[in-house]
Amino acid sequence: MDAKYDIEVDVLKISWSDAEIAESDSVSPGVILDYDSQGHVIGIEMLNASKKIKNFTSNNLTINVE
């Protein structure tokens, strides 16, 4: 799993697969799901992340991987 936040454009991207993105779909305003060639969700992108996630900053981004 990988999470990246680009503070300059306020985009949070979380991916849980190294597979190549075959397709992307906007599922709600500013939320995009990425799919592999078999149709599995392999990532999510959130535009304007700091406005959508309560108390979000790049300093408090925590990813738990189990």
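When we follow numbering that gives the first Met the number 0, the leftmost residue of the sequence shown carries the number 0, and every step to the right adds one. We put the CB at the ideal spot given by N, CA and C, even for glycine.
Alpha carbon to alpha carbon, how far is residue 40 from residue 53? Give it in angstroms, no decimals. By 1-based counting over the sequence shown, the position of residue 53 is 54. By 1-based counting over the sequence shown, the position of residue 40 is 41. Rounded to whole angstroms, residue 53 to residue 40 spans 24 Å at the Cα level.
Suppose you measure from the CA of residue 12 to the CA of residue 21; what does that come to, to the nearest Å? For this step, residue 12 is matched to residue 13 along the sequence shown. For this step, residue 21 is matched to residue 22 along the sequence shown. Taking the straight line from one Cα to the other gives about 16 Å.
On the CB-based measure, 16 or more other CB atoms within 10 Å of its CB, does residue 33 come out buried or exposed? Taking the first residue of the sequence shown as 1, we reach residue 33 at position 34. Counting Cβ neighbours within 10 Å, residue 33 comes out buried, since at least 16 surround it.
Rounded to a whole number of angstroms, what is the C-alpha to C-alpha distance between residue 23 and residue 10? Position 24 of the sequence shown holds residue 23. Position 11 of the sequence shown holds residue 10. Roughly 15 Å separates the two Cα atoms.
Of all the options 1, 42, 18 and 6, which has the alpha carbon lying nearest to the alpha carbon of residue 36? Taking the sequence shown and counting its residues from 1, the one referred to as residue 36 is at position 37. The residue with the shortest Cα to Cα distance from residue 36 is 18.
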